[in-house]
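S.K.:
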Amino acid sequence: MIDLSFFFQSNGGNLILKVSFLILEVLFIAFSIIVVNQVGSLNKLFFIQPAYSSRVIQILGILQLVFAIFLFLVTLAIL
Amino acid sequence: MPDIFQFNSNKPIPATNQSGQNTGASTTASNPTQPSDPINPVAKTTAAQSIANLPQTAMNLFSTLSVKPRGVNFANQDPNEDVILFFRADFITNAFWIFATIFLLFVPIIFAILAPMVNLSLSMLNPQANLVILYFYYLLVFSYAFISFMYWFYNVGMVTNKHIIGVQFSDVTYKNISTTPLQEVADIDFTQQGFSQTFFDYGTVSIQTEGINPKIDLVKIPQPGKVTDIILQIREALNE
Chain X
621 MIDLSFFFQS NGGNLILKVS FLILEVLFIA FSIIVVNQVG SLNKLFFIQP
671 AYSSRVIQIL GILQLVFAIF LFLVTLAIL
Chain V
336 MPDIFQFNSN KPIPATNQSG QNTGASTTAS NPTQPSDPIN PVAKTTAAQS
386 IANLPQTAMN LFSTLSVKPR GVNFANQDPN EDVILFFRAD FITNAFWIFA
436 TIFLLFVPII FAILAPMVNL SLSMLNPQAN LVILYFYYLL VFSYAFISFM
486 YWFYNVGMVT NKHIIGVQFS DVTYKNISTT PLQEVADIDF TQQGFSQTFF
536 DYGTVSIQTE GINPKIDLVK IPQPGKVTDI ILQIREALNE
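From first to last, the protein sequence lines are chains X and V.
FYI, in this note's numbering the residues of the first sequence are 621 to 699.
FYI, in this note's numbering the residues of the second sequence are 336 to 575.
#1: Is there contact between the segment 474-484 of chain V and the segment 427-438 of chain V, where contact requires at least three CB pairs shorter than 8 Å?
#2: Of the residues Gln-669(X), Leu-647(X), Asn-663(X) and Ser-652(X), which one's Cα is nearest the Cα of Leu-683(X)?
#3: Quick one: is Val-656(X) near chain V, going by C-beta distance under 8 Å?
#4: Could you tell me the boundaries of the beta strand (DSSP E) in which Ser-531(V) lies?
#5: By Cβ distance, which residues of its chain are closer than 7 Å to Leu-517(V), with the 5 residues on each side in sequence left out?
#6: Leaving out five residues before and five after Glu-545(V) in sequence, what residues of the same chain have Cβ atoms less than 6 Å from its Cβ?
#7: Taking the straight line between their C-alpha atoms, what separation do you get for Ala-650(X) and Val-507(V)?
#8: With a cut-off of 8 Å, does the C-beta of Ala-688(X) fall near any C-beta of chain V?
#9: What first and last residue would you give for the beta strand (DSSP E) that runs through Asp-522(V)?
#10: What does DSSP give as the partner residues of Gln-503(V) in its beta bridges?
#11: Counting only Cβ-Cβ distances shorter than 9 Å, please list the residues of the segment 488-513 of chain V near chain X, keeping chain order.
#12: Are there three or more Cβ pairs, one per stretch, closer than 8 Å when the segment 663-672 of chain X is compared with the segment 388-408 of chain V?
#13: Quick check on Ala-424(V) - is its C-beta less than 8 Å from some C-beta in chain C?
#14: Taking C-beta to C-beta, are Thr-495(V) and Glu-575(V) nearer than 8 Å?
#15: Would you say Val-659(X) and Gly-681(X) are within 8 Å of each other, going by their C-beta atoms?
#16: Decide if Gly-501(V) is buried, meaning its Cβ has at least 16 other Cβ atoms within 10 Å, or exposed.
#17: Using Cβ-Cβ distances below 8 Å, what residues of the segment 389-419 of chain V are close to chain X?
#18: Quick one: complete alpha helix (DSSP H) runs, 4+ long, within the segment 376-445 of chain V?
#19: Do Tyr-470(V) and Leu-691(X) have their beta-carbon atoms positioned less than 8 Å apart in this structure?
#20: Cβ of Ser-673(X) less than 8 Å from any chain V Cβ?
#21: On the DSSP letters alone, give me the boundaries of the alpha helix (DSSP H) that Met-485(V) sits inside.
#22: Of the choices Gly-560(V), Phe-441(V) and Met-485(V), whose alpha-carbon is the least far from that of Val-676(X)?
#23: Please determine, among Thr-533(V), Ser-531(V) and Thr-539(V), the residue with the shortest C-alpha to C-alpha distance to Asp-524(V).
#24: The beta strand (DSSP E) with Ile-556(V) in it runs from where to where?
#25: Since Gln-684(X) meets chain V, which of its residues come closer than 8 Å, beta carbon to beta carbon?
#26: Less than 8 Å between the beta carbons of Leu-389(V) and Ile-565(V), yes or no?
#27: Got a sec, what are the start and stop residues for the alpha helix (DSSP H) Gln-678(X) sits in?
#28: Would you please state the rounded distance, in angstroms, between the beta carbons of Ile-556(V) and Gly-492(V)? I believe it to be under 8 Å.
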């Protein structure tokens with residue numbers, strides 16, 4: 621039986637793997653920030669009807685960022 | 336009836352049928368900067384009238400080709416500049432990432448079914464850790480679908496009564512906006528190849544210019560024959 625629990629052992633677990641997972645989430649947060657910025661700048665470049673389409677994309681980008689931050693905090697609390 | 340387009344005799348004649356759709360072959364039309372026939376006033380009015388008579392098409396979230404769209408504008412637009420044509424890649428080009436996303440949504444279920452068969456288990460993890468992994472995975476899947484949709488949504492082209500504007504957006508951090516005056520357009524041709532492009536009627540319109548960007552490719556746009564015709568009409572009207 622392959623045991624993957626060492627990834628998330630709370631006591632004496634593999635610190636490198638835990639930190640790696642956290643770094644991955646931080647990178648994802650950075651990526652999400654870039655996406656939100658790009659959506660904002662592209663929406664300024666040109667306006668496309670219907671007006672809600674650009675807003676929907678912007679909101680989805682922000683939701684992704686918020687969820688990524690939330691997940692990072694949860695991971696930090698669990699590990 | 337006079338021709339509203341001036342074709343280069345060295346190039347093949349556009350292989351379009353009466354409805355303006357292509358017949359599958361590569362076509363080329365040219366030229367450009369020559370003024371329209373001053374002797375024949377009918378020719379002068381035809382191009383401008385053709386543009387004026389183009390039916391206006393409504394836009395929605397998934398529009399791929401709109402003629403004279405309402406409410407579309409861009410930065411640095413001249414006051415008397417109107418968007419005549421708006422296009423982006425045909426929606427069928429999204430098929431790959433849509434199917435990939437649907438498959439990825441089911442991967443955890445497939446994993447849960449297959450893992451015990453290969454003696455792979457996450458049961459030793461505490462439930463919260465399992466949830467974090469699962470949420471992060473779905474966040475990545477959502478991100479993949481979202482970015483793919485963004486690439487499609489923001490890679491657009493516009494033809495105004497003065498310019499051809501192309502917006503390229505890729506790799507999240509790269510974007511390029513090219514603006515080419517219609518007077519610099521020297522040659523337009525479109526290509527459709529393969530079953531998918533022929534069946535769903537999309538292809539690549541290539542525009543040769545005399546400007547800094549020698550060639551503009553409008554990739555995978557719907558009804559390339561119609562787009563080519565409209566660009567030629569706009570350019571013809573501009574030369575009048």
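Every residue, glycine too, gets a C-beta built ideally from N, C-alpha and C.
M.R.: According to the data block:
#1: yes
#2: Ser-652(X)
#3: no
#4: Per DSSP, Ser-531(V) belongs to no beta strand (DSSP E); it is in the alpha helix (DSSP H), 529-535.
#5: Lys-497, His-498, Ile-499, Ile-569, Arg-570 and Leu-573
#6: Glu-519 and Ala-521
#7: 12 Å
#8: yes
#9: 520-526
#10: Asn-511(V)
#11: Phe-488, Tyr-489, Val-491, Met-493, Ile-500, Val-502, Phe-504, Val-507, Thr-508, Lys-510 and Ile-512
#12: yes
#13: The question asks about chain C, but that chain is absent: this structure's protein chains are X and V.
#14: no
#15: yes
#16: buried
#17: Met-394, Asn-395, Leu-396, Pro-404, Arg-405, Gly-406, Val-407, Asn-408, Phe-409 and Ala-410
#18: 376-387
#19: yes
#20: yes
#21: 462-489
#22: Met-485(V)
#23: Thr-539(V)
#24: 550-557
#25: Leu-474, Phe-477, Ser-478 and Phe-481
#26: yes
#27: 671-698
#28: 7 Å
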